[in-house]
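Residue numbers (our numbering): 5 to 144.
Step one of this worksheet: look at the structure below.
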Amino acid sequence: MDVVNRFRVFMLGAFLLMSGFVYAQSSGLGTGAATHFYYAMACLICQIMQFIYYIVAIIATLMVIVAGIKWITSSDDPEARNSAKSQVFNVVIGLIIVLLAAFLVSFIVVHAFLGGQGMVILDPVQLVINGCSGVCTTTI
Numbered sequence: 005m006d007v008v009n010r011f012r013v014f015m016l017g018a019f020l021l022m023s024g025f026v027y028a029q030s031s032g033l034g035t036g037a038a039t040h041f042y043y044a045m046a047c048l049i050c051q052i053m054q055f056i057y058y059i060v061a062i063i064a065t066l067m068v069i070v071a072g073i074k075w076i077t078s079s080d081d082p083e084a085r086n087s088a089k090s091q092v093f094n095v096v097i098g099l100i101i102v103l104l105a106a107f108l109v110s111f112i113v114v115h116a117f118l119g120g121q122g123m124v125i126l127d128p129v130q131l132v133i134n135g136c137s138g139v140c141t142t143t144i
């Protein structure tokens, strides 16, 4: 092996060994900044989910009321009665889909942003009752 190749191997080895020391240097931000960002993102997503719950609840209530009025006024028309029944059924299916989507979003948020800790937003009922207080009041 000639001198040039030895120098290249030495420099490559030095470069690869030094990169570990470079990554070990402090950035000055500390670990709290990233953790605070993750909790802030989880809080924001929780508040968006809570807003969507309220909108979906209002729309579902209005649709059930309209279907009920349609059912009551259908009198002897079996087609209108079946249409109203299917509308109520579709509203229930839509609510189930929204709740399943909320569980999926909560699972992703908890594991992506909170590191698998703080399963507080996995329960949509508690989210509606208590709001995002379990996620948004976490301090670093």
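Even glycine gets a Cβ: it sits at the ideal position worked out from N, Cα and C.
Fair warning: this is a prediction, and the values are worked out from it, not measured in the lab.
In this structure, residue 105 lies away from residue 88, with their beta-carbon atoms at least 7 Å apart. Within a 10 Å sphere around the beta-carbon of residue 90 sit fewer than 16 other beta-carbons, which makes this residue exposed. Nearest in C-alpha terms to residue 96, of all of 47, 107, 108 and 63, is 63.
The Cβ-Cβ distance between residue 60 and residue 102 falls below 7 Å. Taking the Cα of residue 67 as reference, the smallest distance to any Cα among 52, 43 and 93 is reached at 93. Counting along the chain, residue 135 sits inside no alpha helix (DSSP H), nor does DSSP assign it H or E at all.
The alpha carbon of residue 111 has as its nearest neighbour, out of 79, 40, 77 and 46, the alpha carbon of 46.
With a 10 Å radius around the Cβ and a threshold of 16 neighbouring Cβ atoms, residue 7 comes out exposed. 7 Å or more divides the Cβ of residue 113 from the Cβ of residue 52. Non-local C-beta neighbours of residue 116 in its own chain, meaning closer than 7 Å and more than five positions away in sequence, are absent.
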